[in-house]
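**Q** Protein chains in written order, with my numbering: chain A, 74 to 278; chain B, 4 to 103.
Before we start, here is the structure in question, set down as structure tokens.
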Amino acid sequence: MKQEDLVKEIASIRNLMEKSSKFISISGISSVLIGTYALLGAAYAYYEVYGFDSQMGYRDHYVNEPLIIMKLLTTAILVLIASIFTGVYMAIKKAKANRQNIWNTTSRALLFAMAVPLCTGGLFAIIAIFKENYAVVSSILLIFYGLALTAGSHYTFSEIKGLGILEIVLGLLALLFPGNGIIFWALGFGVLHIIYGVIVHKKYE
Amino acid sequence: MNLDLTQYNKVFENKVRLQIMSVLMANDEYDFNSLKSILDVTDGNLASNLKTLEKEKYIEVFKTFVDRKPNTRYRRTTEGERAFEEHLKALEKLIKQQYK
Numbered sequence: 074m075k076q077e078d079l080v081k082e083i084a085s086i087r088n089l090m091e092k093s094s095k096f097i098s099i100s101g102i103s104s105v106l107i108g109t110y111a112l113l114g115a116a117y118a119y120y121e122v123y124g125f126d127s128q129m130g131y132r133d134h135y136v137n138e139p140l141i142i143m144k145l146l147t148t149a150i151l152v153l154i155a156s157i158f159t160g161v162y163m164a165i166k167k168a169k170a171n172r173q174n175i176w177n178t179t180s181r182a183l184l185f186a187m188a189v190p191l192c193t194g195g196l197f198a199i200i201a202i203f204k205e206n207y208a209v210v211s212s213i214l215l216i217f218y219g220l221a222l223t224a225g226s227h228y229t230f231s232e233i234k235g236l237g238i239l240e241i242v243l244g245l246l247a248l249l250f251p252g253n254g255i256i257f258w259a260l261g262f263g264v265l266h267i268i269y270g271v272i273v274h275k276k277y278e
Numbered sequence: 004m005n006l007d008l009t010q011y012n013k014v015f016e017n018k019v020r021l022q023i024m025s026v027l028m029a030n031d032e033y034d035f036n037s038l039k040s041i042l043d044v045t046d047g048n049l050a051s052n053l054k055t056l057e058k059e060k061y062i063e064v065f066k067t068f069v070d071r072k073p074n075t076r077y078r079r080t081t082e083g084e085r086a087f088e089e090h091l092k093a094l095e096k097l098i099k100q101q102y103k
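Encoded structure:
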């Protein structure tokens, strides 16, 4: 056996251990797109609440009028559906290119790790809306989404852990400065997704 | 060049067996179909190499049914873990010998 063969053998072991235990088919570009949807959604929500040419600090509406709540909720759900669709669709495409199976042991583990904090956070937010605690909704979503990313990061790119922690910090800040939920929401779901998408794309794609 | 092959594990000379063991070292358990797709080998090739590893007691087999379809999962044994680590050490040694 030759020197190169040995080194190649060890490299292939390493590669396989990594490939088999991490789900690497998450697309960086899909993260950029998801961030863009979130920013568009936030811009629309801002326009609905604050009006177009309002002065600083002056609002056309407050987030407790039923019509406004319905509009904001619909926007949020549309952004969520578009994001899930884009994320899953592009992951399937990337998995095919990587010759990785989209539904394998690792993707199941990733999904399960994320599902627990995500479902808890989703239910928490729905209950908060029912109880008319609108001020905490954006921080709940940010914090639990951050927890889901941190929990899932074990099964995918390690950068995701950093993203999760930043989302949690933004969620806590949103709680500290009530009334600015939409700004933290736009930063967390919009700007951070775009930045991380670009990082993942540059590093792995 | 004379190489010391005493620690080199003959079971792992086969590439597929070494790859199966690598996957089972990185994951607590893995099922047959996921192994097949990640290693990109045929059913027969994978099954016969899994059998060899099972005979050596390097892996354990768990059979269950999911929606009436058989679902076979594999786990490394402590013995398999030790054998794999020693094999890696042997590879490392071989590389060092050749640098001399």
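Cβ atoms here follow ideal geometry from the backbone N, Cα and C, with glycine treated the same way.
1) At 4 residues or longer, and completely inside the segment 126 to 187 of chain A: list those alpha helix (DSSP H) runs for me, N to C.
2) Give me, in chain order, the residues of the same chain whose beta-carbon lies closer than 6 Å to that of methionine 4 (chain B); leave out the 5 immediate sequence neighbours on both sides.
3) How is the alpha helix (DSSP H) around phenylalanine 230 (chain A) delimited, first residue to last?
4) Taking buried to mean at least 16 other C-beta atoms within 10 Å of its own C-beta, is phenylalanine 158 (chain A) buried or exposed?
5) Using a beta-carbon distance cut-off of less than 9 Å, what residues from the segment 55 to 70 of chain B approach chain A?
6) Taking the alpha carbon of threonine 320 (chain A) as the point to measure from, which residue in A:Ala84, A:Glu82, A:Ser98 and A:Leu89 has its own alpha carbon closest?
7) Indicate the three-state DSSP secondary structure (helix, strand or coil) for isoleucine 99 (chain A) in the structure shown.
8) Is aspartate 34 (chain B) helix, strand or coil when you go by DSSP?
9) Report the residues of the segment 97 to 111 of chain A with a CB closer than 7 Å to any CB of chain D, ordered along the chain.
10) Does the beta carbon of valine 14 (chain B) sit closer than 8 Å to a beta carbon anywhere in chain A?
11) In whole angstroms, what separates the C-alpha of leucine 49 (chain B) from that of isoleucine 23 (chain B)?
12) Measure the CB-CB distance between glycine 219 (chain A) and isoleucine 238 (chain A) and report whether it falls below 8 Å.
13) What does the Cβ neighbour count give for serine 103 (chain A), buried or exposed, with the cut at 16 atoms within 10 Å?
14) Just verifying my parser: in three-state terms, what is the DSSP assignment at lysine 60 (chain B)?
15) Tell me, please, whether the CB atom of leucine 53 (chain B) is closer than 8 Å to any CB atom in chain A?
16) Taking 8 Å as the threshold (beta carbon to beta carbon), is isoleucine 86 (chain A) in contact with chain B?
17) Okay, do the segment 199 to 211 of chain A and the segment 250 to 267 of chain A touch, 3+ Cβ pairs below 8 Å being the bar?
18) Strictly below 8 Å CB to CB, what residues from chain B border threonine 178 (chain A)?
19) Considering tyrosine 77 (chain B), what are the terminal residues of the alpha helix (DSSP H) in which it resides?
20) Do you know whose CA, among B:Arg85, B:Ser37 and B:Leu42, lies nearest isoleucine 86 (chain A)'s CA?
21) Applying the 10 Å Cβ sphere with the 16-neighbour rule, what's the burial state of glutamine 100 (chain B)?
22) Which of helix, strand or coil does DSSP assign to phenylalanine 68 (chain B)?
23) Whole angstroms is fine: what's the gap from asparagine 177 (chain A)'s alpha carbon to methionine 143 (chain A)'s?
24) Closest by CA to lysine 39 (chain B), which one among B:Asn74, B:Phe15, B:Phe87 and B:Glu88?
25) Looking at methionine 187 (chain A): is its Cβ nearer than 8 Å to the Cβ of alanine 164 (chain A)?
26) Considering only the alpha carbon of each residue, which of A:Tyr120, A:Leu113, A:Pro139 and A:Ser94 lies closest to threonine 179 (chain A)?
27) Mind listing the chain A neighbours of leucine 94 (chain B)? Cutoff is C-beta to C-beta under 8 Å, in chain order.
28) In chain B, which residues lie with their C-beta within 8 Å of the C-beta of lysine 92 (chain A)?
29) Quick check on DSSP: helix, strand or coil for valine 210 (chain A)?
30) Straight-line CA distance for lysine 92 (chain B) to lysine 166 (chain A)?
**A** Reading from the atomic positions:
1) 139 to 171
2) A caution first: methionine 4 (chain B) carries a pLDDT of 48, below 50, which makes its placement in the model too unreliable to give a value.
3) Neither: phenylalanine 230 (chain A) is in no alpha helix (DSSP H) and is coded neither H nor E.
4) exposed
5) none
6) The structure shown does not extend to residue 320 (chain A), since chain A is modelled only from 74 to 278, so the question has no answer here.
7) coil
8) In the structure shown, aspartate 34 (chain B) sits in a strand (DSSP, three-state: E or B).
9) The chain inventory of the structure shown lacks chain D, comprising the protein chains A and B.
10) Chain A, which has no Cβ nearer than 8 Å to the Cβ of valine 14 (chain B), makes this no.
11) 9 Å
12) Yes, they are a contact pair.
13) By the 10 Å Cβ count, serine 103 (chain A) comes out buried.
14) Secondary structure of lysine 60 (chain B) (DSSP, three-state): coil.
15) no
16) Yes - at least one Cβ of chain B is within 8 Å of the one on isoleucine 86 (chain A).
17) yes
18) In chain order: Asn30, Glu32, Tyr33, Asp34 and Ser37.
19) Element bounds for tyrosine 77 (chain B): not the alpha helix (DSSP H) but the beta strand (DSSP E), 72 to 79.
20) B:Leu42
21) exposed
22) strand
23) 38 Å
24) B:Asn74
25) no
26) A:Ser94
27) Against chain A, a Cβ distance below 8 Å from leucine 94 (chain B) picks out Leu79, Glu82 and Ile83.
28) Ile41
29) helix
30) Taken atom to atom, the span from the alpha-carbon of lysine 92 (chain B) to that of lysine 166 (chain A) is near 39 Å.
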